[in-house]
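S.K.:
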Amino acid sequence: MINALRKKKPEIEEAPAPAPRPEEAGKRWAIEARGIKKSFKAGQVMVDVLKGIDLLIEPGEIVLVMGPSGSGKSTLLAAVSGLMKPDAGSVIALDINLWRLPRHKIDRFRLANCGFIFQGFNLFPALTASQQVQIVLKFMKLGSKDRKTAADAALNDVHLGHRMHNRPDRLSGGEKQRVAIARALAKKPRLIFADEPTSALDGENGNVVMTLLRKMAKEQGATVLCVTHDARLAAFADRIITIEDGRITSTNADPAMFANHH
Ligand SMILES: Nc1ncnc2c1ncn2[C@@H]1O[C@H](COP(=O)(O)OP(=O)(O)O)[C@@H](O)[C@H]1O
Ligand SMILES: [Mg+2]
Numbered sequence: 050m051i052n053a054l055r056k057k058k059p060e061i062e063e064a065p066a067p068a069p070r071p072e073e074a075g076k077r078w079a080i081e082a083r084g085i086k087k088s089f090k091a092g093q094v095m096v097d098v099l100k101g102i103d104l105l106i107e108p109g110e111i112v113l114v115m116g117p118s119g120s121g122k123s124t125l126l127a128a129v130s131g132l133m134k135p136d137a138g139s140v141i142a143l144d145i146n147l148w149r150l151p152r153h154k155i156d157r158f159r160l161a162n163c164g165f166i167f168q169g170f171n172l173f174p175a176l177t178a179s180q181q182v183q184i185v186l187k188f189m190k191l192g193s194k195d196r197k198t199a200a201d202a203a204l205n206d207v208h209l210g211h212r213m214h215n216r217p218d219r220l221s222g223g224e225k226q227r228v229a230i231a232r233a234l235a236k237k238p239r240l241i242f243a244d245e246p247t248s249a250l251d252g253e254n255g256n257v258v259m260t261l262l263r264k265m266a267k268e269q270g271a272t273v274l275c276v277t278h279d280a281r282l283a284a285f286a287d288r289i290i291t292i293e294d295g296r297i298t299s300t301n302a303d304p305a306m307f308a309n310h311h
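Okay, so the sequence shown: first residue is 50 according to the numbering used here, each after it adds one.
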């Protein structure tokens with residue numbers, strides 16, 4: 050039944066590979082997305098949300114994608130990270146042509162390599178902070194002792210050591226956000242995808258989180274793709290990409306442009 054449904058889906062239209070620009074030639078990318086398009090149906094009409102996006106990110110880079118609300122940031126993140134198949138284009142992540150893989154292999158790729166920090170926290174109401182983090186490590190088949198050690202370390206990293214045994218109803222919004230971040234980082238993913246990771250955080254906690262993401266990138270070689278409209282994050286990025294109305298408007302925006310907006 051499910052297979053029959055899958056077969057009816059149109060095959061993804063591959064973007065023609067454009068000739069690399071001189072500065073791109075021979076480079077190895079952690080993420081190489083080309084020609085990404087996505088449309089959604091809104092009532093009777095199709096709305097083009099991503100209109101052909103190329104995104105090239107080096108290993109160990111922290112890239113911020115900034116743009117107004119509704120410009121397609123979350124959709125782009127989902128397409129690049131294997132969460133939502135684009136209508137057109139290709140994504141090569143860690144040398145894997147992601148959307149060519151069957152669904153279960155994409156899921157396995159994400160489990161093995163990706164950490165996600167979402168706008169919503171997606172915490173389980175019945176689990177303590179420590180258990181929230183450990184459950185991911187259990188999926189990765191870590192033993193119970195290693196799980197506990199890694200979860201404790203990750204929660205300490207986001208300054209939540211004292212909240213380890215609290216359930217979500219006893220945590221503030223900012224603390225929940227930091228649990229979600231600890232959960233994403235505990236498995237030391239090679240790719241980190243963050244969607245408005247500091248939206249529930251005050252300035253100080255926002256700094257804690259961004260400092261941690263920088264550390265993951267610079268000490269462990271993780272590649273970080275973070276979408277946000279929070280100008281305060283500009284200072285933590287290696288590079289800022291701007292997006293407007295489904296198109297990239299700059300691949301190397303000047304952080305100073307954002308510094309004065311707050
Ligand atoms: N699943 C969906 N179905 C229909 N429209 C969607 C869906 N996801 C996003 N959109 C629309 O696409 C546009 C871009 O959304 P999004 O990528 O979430 O923007 P951003 O993250 O930059 O605020 C918005 O107009 C939004 O309403
Ligand atoms: Mg969004």
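For every residue, glycine included, the Cβ atom is placed at its ideal position computed from N, Cα and C.
Since the model is a prediction, treat every value here as computed from it, not as a measurement.
Just to confirm before moving on: does the CB-CB distance between Ser118 and His278 stay below 8 Å?
M.R.: For the purposes of this step, residue 118 is identified with residue 69 of the sequence shown, where counting begins at 1. For the purposes of this step, residue 278 is identified with residue 229 of the sequence shown, where counting begins at 1. Their beta carbons are under 8 Å apart, which means Ser118 touches His278 by this criterion.
S.K.: Three Cβ pairs or more, each shorter than 8 Å: is that satisfied between the stretch 134 to 153 and the stretch 170 to 188?
M.R.: no
S.K.: Output yes or no for whether 8 Å exceeds the beta carbon distance between Ile80 and Ala286.
M.R.: Position 31 of the sequence shown, counted from the first residue, corresponds to residue 80. Position 237 of the sequence shown, counted from the first residue, corresponds to residue 286. Taking 8 Å as the Cβ cut-off, Ile80 and Ala286 do not qualify as a contacting pair.
S.K.: Kindly indicate the opening and closing residues of the alpha helix (DSSP H) around Ala79.
M.R.: Within the sequence shown, residue 79 is the residue found at index 30, counting from 1. First-last for Ala79: undefined, no H or E at that position.
S.K.: Is it true that the stretch 282 to 299 meets the stretch 102 to 109, where meeting means three or more beta-carbon pairs spaced less than 8 Å apart?
M.R.: At 8 Å Cβ cutoff, the stretches touch.
S.K.: Helix, strand or coil, according to DSSP, for Thr298 in the structure here?
M.R.: Your numbering for residue 298 matches position 249 in the sequence shown. Annotated three-state conformation of Thr298 is strand, per DSSP.
S.K.: Per DSSP, what kind of secondary structure is Arg281 in: helix, strand or coil?
M.R.: The residue you call residue 281 lines up with position 232 of the sequence shown. Three-state DSSP puts Arg281 in a helix.
S.K.: Got a sec: is the Cβ-Cβ distance from Ala82 to anything in chain D below 8 Å?
M.R.: Looking for chain D here will not work: only one protein chain is present.
S.K.: For ligand 1, enumerate in chain order all residues having a CB closer than 5 Å to any of its heavy atoms.
M.R.: Phe89, Val98, Ser118, Gly119, Ser120, Gly121, Lys122, Ser123, Thr124
S.K.: Which ranges does the alpha helix (DSSP H) cover as unbroken runs of at least 4 residues, wholly within the stretch 132 to 181, from first to last along the chain?
M.R.: Runs of the alpha helix (DSSP H) inside the stretch 132 to 181: 152 to 162.
S.K.: Using CA coordinates, which residue listed in Arg219, Gly131, Ile85 is at the minimum distance from Gly164?
M.R.: As a first step, residue 164 must be located in the sequence shown, where it is residue number 115. The residue with the shortest Cα to Cα distance from Gly164 is Gly131.
S.K.: Give the straight-line distance between the Cα atoms of Thr244 and Arg149, rounded to the nearest whole angstrom.
M.R.: For this step, residue 244 is matched to residue 195 along the sequence shown. For this step, residue 149 is matched to residue 100 along the sequence shown. Note on identity: in this sequence residue 244 is Asp, with Thr being the wrong assignment. Their Cα atoms are separated by approximately 24 Å.
S.K.: According to DSSP, which residues form a beta bridge with Phe89?
M.R.: Translated into the one-based positions of the sequence shown, residue 89 becomes position 40. Bridge partners of Phe89: Val96.
S.K.: Assign Gln226 to one of two classes, buried (16 or more other C-beta atoms within 10 Å of its C-beta) or exposed (fewer than that).
M.R.: Taking the sequence shown and counting its residues from 1, one reaches residue 226 at position 177. Buried, since its Cβ has 16 or more Cβ neighbours within 10 Å.
S.K.: Please find out if some non-hydrogen atom of ligand 3 comes closer than 7 Å to the beta-carbon of Glu81.
M.R.: What this structure holds is ligand 1 and ligand 2, not ligand 3.
S.K.: Quick check: does the Cβ of Asp244 come within less than 7 Å of any heavy atom belonging to ligand 2?
M.R.: Taking the sequence shown and counting its residues from 1, the one referred to as residue 244 is at position 195. Checking the Cβ of Asp244 against ligand 2 gives yes.
S.K.: Under 8 Å, do Ala305 and Ile289 count as touching if we go by C-beta distance?
M.R.: By 1-based counting over the sequence shown, the position of residue 305 is 256. By 1-based counting over the sequence shown, the position of residue 289 is 240. Result no, Cβ atoms of Ala305 and Ile289 do not sit closer than 8 Å.
S.K.: For Phe167, which residues in the same chain have their Cβ closer than 6 Å to its Cβ, ignoring the five residues on either side in sequence?
M.R.: Taking the first residue of the sequence shown as position 1, residue 167 is located at position 118. Excluding positions up to five away in sequence, the list reads Asp244.
S.K.: So, for Phe188: in the same chain, excluding its five sequence neighbours on each side, which residues have a beta-carbon less than 8 Å away from its beta-carbon?
M.R.: Here the question's residue 188 lines up with position 139 in the sequence shown. Counting only Cβ-Cβ distances below 8 Å, and skipping sequence neighbours, we find Leu160.
S.K.: Based on the DSSP secondary-structure assignment, which residues constitute the bridge partners of Asp244?
M.R.: Locating residue 244 in the sequence shown gives position 195, where the first residue counts as 1. In DSSP, Asp244 forms a bridge with Val276.
S.K.: Taking Cβ to Cβ, would you say Arg31 is nearer than 8 Å to Leu191?
M.R.: Nothing about residue 31 can be reported from this structure: the residues present for the chain run from 50 to 311 only.
S.K.: Would you call the stretch 224 to 243 in contact with the stretch 195 to 203, where contact means no fewer than 3 C-beta pairs closer than 8 Å?
M.R.: Segments in contact, yes.
S.K.: Leaving out five residues before and five after Ser120 in sequence, what residues of the same chain have Cβ atoms less than 8 Å from its Cβ?
M.R.: Residue 120 sits at position 71 when you count from the first residue of the sequence shown. Cβ neighbours of Ser120 beyond the five flanking positions: Ile292, Glu293, Asp294, Gly295.
S.K.: Can you tell me where the beta strand (DSSP E) with Val112 in it begins and where it stops?
M.R.: Against the sequence shown, residue 112 aligns to sequence position 63. Residues 111 to 115.
S.K.: Please report how far the alpha carbon of His214 lies from the alpha carbon of Ala178, in whole angstroms.
M.R.: By 1-based counting over the sequence shown, the position of residue 214 is 165. By 1-based counting over the sequence shown, the position of residue 178 is 129. About 6 Å.
S.K.: Lys56: buried (16+ other C-beta within 10 angstroms of its C-beta) or exposed?
M.R.: In the sequence shown, the residue the question calls residue 56 occupies position 7. With a pLDDT of 46 at Lys56, under the threshold of 50, the modelled position of that residue is not reliable, and no figure is offered here.
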